[in-house]
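**Student:**
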Amino acid sequence: MVRRVQNGLLHCLAIVALMVGLTSCNNNGPNPPEDEPEGVLDRTILVYQVANNTGLDYFSLADLKEMLQGAENKLITNGRLVVYNHSYNHPPVLVRVTTHGLDTLKTYNTDITSVHAERMLQVFSDVERYAPALDYGLILWGHGSGWLQDGIADNVPSQRKSYGGEDRAKWMNITTLAQVLEQGPSFSFVYFDCCFMASVEVAYQLRHVTPMIAGTVSELPAEGMPYHLTLGYLFSPDRADLLGAIKTTFNYYDEWKVIGSRPEANPPTFDRRYCNMSVISTDGLDRLAESVKQIYELTPKAYPDNFVPQRFERRPLATASYFDLGQYVEALCVDEDGNELFEGATAALDNFKKALDQTIAYQNTMPIIFGGDFTVDYHCGLSTYILRDASSINNKNYNTLSWYEDVASYLNLN
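Mapped onto the numbering used here, the consecutive letters of the sequence shown carry residue numbers 299 to 712.
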């Protein structure tokens with residue numbers, strides 16, 4: 299998520315006011331409030347909020363207010379919404395969102411960070427204890443930087459490291475996240491309410507831990523998901539309607555541009571809050587990987603002549619990390635006139651497109667990137683990093699990823 303600029307004093311006062319308003323509803327114990335269902339329910343959804351000193355503290359609490367609004371509107375049916383929240387120098391807490399307010403299930407120490415594997419596993423265990431269910435969903439809330447593997451050590455200060463950003467320096471690698479999720483509940487979906495996580499490298503790393511992934515290939519406005527509008531989809535009968543939730547999120551911003559103002563937001567004007575969204579079916583990723591590997595093995599050049607890739611970040615092309623996968627693969631196969639660049643390229647490209655169709659359950663984009671810096675001419679629903687030469691392999695430890703080992707390592711980087 300990207301923070302909107304606010305006056306520092308007003309920002310802090312707003313956070314304090316929100317904390318007072320939210321915790322005044324606190325029941326301070328693991329027992330469910332009156333009229334709330336007990337026992338094993340159909341679904342529990344965990345929102346894991348990493349917000350402490352990230353620049354997103356205010357928005358984490360604003361989203362909690364949206365969740366409470368959704369609970370008041372009876373959108374949480376035969377299920378539980380629980381939130382792990384660490385924000386604004388308060389102790390981390392696990393709370394349940396109820397029609398009566400926030401019910402504190404557990405308070406944690408700060409000996410370890412929220413992006414440490416041990417803490418996340420501890421929270422998963424507590425969720426299964428306090429909110430047992432037949433089905434679990436996970437929403438990862440905070441900063442995101444896709445595949446970037448700077449967090450080889452959990453607490454090494456750097457700019458960007460995959461997921462988290464606690465204290466502006468502490469992150470979790472996507473490889474670590476995959477290992478943690480393998481040990482947690484069986485999540486029927488993982489929704490990244492953060493930037494840059496609809497990356498083929500991320501999705502491929504997580505392909506065995508969840509059947510569905512939702513996210514965005516670019517930056518996401520700090521308001522993130524409009525929970526007061528989406529909870530009804532996430533708690534729909536039988537199974538969570540992830541497509542309904544992601545479409546509602548996309549439409550929230552797309553309509554915002556048209557209506558011009560949303561009084562509940564800060565600032566209320568649209569203010570270049572462009573977005574794009576994707577839903578990825580992980581069942582298709584192995585076939586997708588095989589189709590891309592075949593093309594990578596056969597293509598004569600890893601970076602076609604005169605190729606200008608669609609980037610999804612506001613950094614220059616030379617230093618960018620996220621490009622459209624579909625546009626890049628097509629450019630490896632055929633030139634602008636549709637001529638094959640290697641024998642069998644047309645058939646290989648067709649195989650890739652079919653695999654992509656099986657993988658992308660939903661994708662949509664506004665025509666301009668977040669912040670209004672440039673247009674989005676290509677959006678297949680997945681980003682990728684483009685290896686230009688052999689020196690690119692070690693960039694942000696790209697060579698530690700499964701996608702590199704299984705797919706990208708087959709590129710001809712001479």
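All C-beta atoms in this analysis are idealised placements derived from N, C-alpha and C, irrespective of residue type, glycine included.
List the residues that DSSP assigns as beta-bridge partners of Y346.
**Tutor:** Answer is Y382 and L438, bridged to Y346.
**Student:** Who does W701 pair with in a DSSP beta bridge?
**Tutor:** None, per the DSSP bridge assignment.
**Student:** Around the C-beta of S460, are 16 or more other C-beta atoms found within 10 angstroms, so that it is buried, or is it exposed?
**Tutor:** Note that S460 scores a pLDDT of 49, beneath 50, so its modelled location is shaky; the value from the coordinates is reported in the next line. Buried: at least 16 other Cβ atoms inside 10 Å.
**Student:** Determine the closest residue to Y676 out of L504, H414, A360 and S516, with distance taken between C-alpha atoms.
**Tutor:** For the residues L504, H414, A360 and S516, the minimum Cα distance to Y676 belongs to S516.
**Student:** Taking the Cβ atom as the reference point for each residue, do V500 and L623 lie within a distance shorter than 7 angstroms?
**Tutor:** It is not a contact, given that the beta carbons lie outside the stated cut-off.
**Student:** Any chance the stretch 585 to 603 sits against the stretch 634 to 643, with 3 or more Cβ pairs inside 8 angstroms?
**Tutor:** Yes, they touch.
**Student:** Starting from the N-terminal side, write out each stretch of the alpha helix (DSSP H) that is 4 residues or longer and does not extend beyond the stretch 625 to 687.
**Tutor:** Runs of the alpha helix (DSSP H) inside the stretch 625 to 687: 643 to 657.
**Student:** Taking I374 as part of the alpha helix (DSSP H), name the residues at either end of that continuous run.
**Tutor:** No alpha helix (DSSP H) contains I374, which DSSP labels as neither H nor E.
**Student:** From A587 to H506, what does the alpha carbon distance come to, in whole angstroms?
**Tutor:** Between A587 and H506, the C-alpha separation is close to 14 angstroms.
**Student:** For V488, which residues in the same chain have their Cβ closer than 6 angstroms to its Cβ, ignoring the five residues on either side in sequence?
**Tutor:** The answer, listed in chain order, is L436, T508 and I511.
**Student:** By how many angstroms is the C-alpha of H526 removed from the C-alpha of Q367?
**Tutor:** Approximately 6 angstroms, taken between the alpha carbons.
**Student:** Would you report the Cα separation of N574 and R609, rounded to the nearest angstrom?
**Tutor:** C-alpha separation (whole angstroms): 13 angstroms.
**Student:** Under a Cβ-count criterion, where at least 16 other Cβ atoms within 10 Å of its own Cβ denotes burial, should G558 be classed as buried or exposed?
**Tutor:** It counts as exposed.
**Student:** Does DSSP classify T405 as helix, strand or coil?
**Tutor:** DSSP places T405 in strand when its eight states are reduced to three.
**Student:** Comparing alpha-carbon positions, which option in A616, I658, E611 and K651 lies nearest E628?
**Tutor:** Measuring from the Cα of E628, the nearest candidate turns out to be K651.
**Student:** Leaving out five residues before and five after T514 in sequence, what residues of the same chain have Cβ atoms less than 8 angstroms from its Cβ?
**Tutor:** So the list reads F490, C493, F494, M495, A496, C573, N574, M575 and S576, once near-sequence residues are dropped.
**Student:** What does the alpha-carbon distance come out to for the pair P535 and L680?
**Tutor:** Whole-angstrom Cα-Cα distance: 29 angstroms.
**Student:** For E334 and L362, I'd like the C-alpha separation in whole angstroms.
**Tutor:** If I take the Cα positions, the gap works out to 18 angstroms.
**Student:** I think V380 touches A429, with their Cβ atoms under 8 angstroms apart; what is that distance to the nearest whole Å?
**Tutor:** Correct: roughly 5 angstroms between the Cβ atoms.
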